[in-house]
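Novice: For reference, the structure I am asking about is given below.
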Ligand SMILES: [Fe+2]
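In this note's numbering, the protein residues as written are 42 to 521.
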């Protein structure tokens, strides 16, 4: 996977001397390290050497955050969440992180992704008798294979040429410009099934069919005898000067009165505070400019929620945890600020509540999906969530805006199909369904910020989606 990292940098015009490449690959997040170092150099060298990078090695690993935030992030971790009554933690990185970010970790990480998704694809009739990639072009007949996409580019004749690989080899795959697949959005590092024919010259495979792992065809949630409901409240952004105090009070009032018997569980999928130094000029948009004070204020806000509602909180990209996904839960220092009845989990996390499997993921990768797949936009995050389910991966693209930590297991593969799939991040609100999976985008409690206005980004705040765990019925409460 060394090539993958170096190719990504080369595409950005960054060339590394071999010894500089070795040094970079020992870093926690190699891409971010190089980008950050270059941004701090007065002049970008033609070829980056070890000497160019040395001054930045001692510095804390990259990112434009205030030191306090970095210190908090790297503090000792909170204990992993435990099963409690009707809430079972099925999958969470907290306490299971082993990655050091070296080249072996990357190879193991991508191999794990490949194997997990290959296992899903292996059940597909179209892929019976599939060959290893290295053998595909050696046979003068139809070929079937499972492979990870390295890159897709357009040839000078207007065809698309995709390079794919498996554990043993690589192979070029041609998508003809008049093929129905010519406009298919294929993203880097996704794992696909390929049905094609070897070219007459025997140097590539011509694609006839692209098989995605996708979800099995299923009806929606089958009724159970649960009477409980779960509410989803994403992107609270306490500490921002556009935090919506009034709608928040209306929502609390509703939970204490009319909604008293309706909601038993509350899931909070990340960006629980606004954080510090997350984007340039953020200090101008803060009501609370101390990271601990932001979490203290959040803890106070959450105390207003009736005690009999079980609260499960996950971090997002604004929170004081490591930015690379999967993100373990909050550090101990922050954990201590919350009421002990709360469950703090990592991102993403799969929980089972009263028999329903809920996958909740803050959704940082929505930026990458929207930037890479034709037809997706911030106005309809549910469509992007559907792309994740089709590819059975929440954030396949390495080297995009979502930093990925090469854990020994790829926690972002969707190998088990959830009943409910929840994201936030884009500050939109929506309810949908894809092949029996309920999809929820869980709004925000922050009004449009100047930064968002500058980027023409319109949030849909102060909505509270609520799902009945017995029937699966979901409605959107509006406190705006
Ligand atoms: Fe957010």
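Here a beta-carbon is modelled for each residue, glycine too, at the ideal position from N, C-alpha and C.
For residue 434, count neighbouring Cβ atoms within 10 angstroms of its own Cβ and tell me buried if that reaches 16, exposed if not.
Specialist: Residue 434 is buried by the Cβ-count criterion.
Novice: Flag this pair as touching only if the stretch 283-297 and the stretch 438-445 have three or more C-beta atom pairs under 8 Å; answer yes or no.
Specialist: no
Novice: Pick out whichever of 136, 465, 85, 235 has its Cα sitting closest to the Cα of residue 188.
Specialist: 235
Novice: Quick one: does the C-beta of residue 485 sit closer than 8 Å to a heavy atom of ligand 1?
Specialist: yes
Novice: How would you write the range of the alpha helix (DSSP H) that residue 365 sits in, first residue to last?
Specialist: Segment: none, residue 365 is in no alpha helix (DSSP H) and carries neither H nor E.
Novice: Tell me which residues pass a beta-carbon proximity test against ligand 1: closer than 5 Å to any heavy atom, given in chain order.
Specialist: Chain-ordered list of matching residues: 276, 312.
Novice: Using a 10 Å radius around the Cβ and a threshold of 16 neighbouring Cβ atoms, would you call residue 72 buried or exposed?
Specialist: buried
Novice: Among 377, 335, 314, which one has its Cα closest to the Cα of residue 356?
Specialist: 314
Novice: Grab the span of the beta strand (DSSP E) containing residue 38 for me, first residue to last.
Specialist: Given that the chain is displayed from residue 42 to residue 521, the structure contains no residue 38 and the question cannot be resolved.
Novice: With distances taken between CB atoms, is the gap from residue 502 to residue 485 smaller than 9 Å?
Specialist: yes
Novice: Quick check on residue 87: buried or exposed, where buried means 16 or more other Cβ atoms within 10 Å of its Cβ?
Specialist: exposed
Novice: Leaving out five residues before and five after residue 259 in sequence, what residues of the same chain have Cβ atoms less than 6 Å from its Cβ?
Specialist: 476, 477
Novice: Give every residue of the same chain whose Cβ lies closer than 6 Å to the Cβ of residue 108, excluding the five residues on either side of it in the sequence, and list them in chain order.
Specialist: Residue confidence for residue 108 is low, a pLDDT of 48 falling below 50, so the modelled location carries little weight; the figure read from the coordinates is stated next. The answer is none, since no qualifying residue turns up.
Novice: Do three or more CB pairs link the stretch 347-354 to the stretch 383-398 at distances below 8 Å?
Specialist: Between the stretch 347-354 and the stretch 383-398 there are three or more C-beta pairs closer than 8 Å, enough to call the two in contact.
Novice: In this structure, does DSSP put residue 506 in helix, strand or coil?
Specialist: It is a strand residue.
Novice: Do residue 464 and residue 310 have their beta-carbon atoms positioned less than 9 Å apart in this structure?
Specialist: yes
Novice: Whole angstroms are fine: how far does the CA of residue 83 sit from the CA of residue 102?
Specialist: Any reading at residue 102 needs caution, since the residue's pLDDT is 38, under 50, leaving its predicted position unreliable; the model's value is listed next. Just so you know, the alpha carbons of residue 102 and residue 83 end up roughly 19 Å apart.
Novice: Using the Cα positions of residue 208 and residue 261, report the straight-line distance between them to the nearest angstrom.
Specialist: In a straight line, the C-alpha of residue 208 is about 36 Å away from that of residue 261.
Novice: Where DSSP assigns a beta bridge to residue 470, which residues make up the other side?
Specialist: Per DSSP, 483.
Novice: Looking only at C-alpha atoms, which of 57, 378, 341, 147 sits nearest to residue 522?
Specialist: Outside the shown range of the chain (42 to 521) lies residue 522, about which nothing can therefore be said.
Novice: Is the distance from the Cβ of residue 456 to the Cβ of residue 158 below 9 Å?
Specialist: yes
Novice: Where residue 424 and residue 393 are concerned, what is the direct C-alpha to C-alpha distance, given to the nearest angstrom?
Specialist: 25 Å
Novice: Three Cβ pairs or more, each shorter than 8 Å: is that satisfied between the stretch 107-123 and the stretch 356-375?
Specialist: With the cut-off at 8 Å, the stretch 107-123 and the stretch 356-375 touch.
Novice: Going by beta carbon distance, what residues of the same chain come within less than 8 Å of residue 128, once the five residues before and after it are set aside?
Specialist: 306, 351, 353, 384, 392, 393, 394
Novice: For residue 388, which option in 143, 138, 366, 49 has the closest C-alpha, if you only look at C-alpha atoms?
Specialist: 366
Novice: If you pair each beta-carbon of the stretch 224-235 with each one of the stretch 184-202, do three or more pairs fall below 8 Å?
Specialist: yes
Novice: Leaving out the 5 sequence neighbours to the left and right, which residues in its chain are closer than 6 Å to residue 402 when beta-carbon positions are compared?
Specialist: 389, 435, 464
Novice: Run through DSSP, which three-state label would residue 300 get?
Specialist: helix
Novice: In whole angstroms, what is the alpha-carbon distance linking residue 379 and residue 373?
Specialist: About 10 Å.
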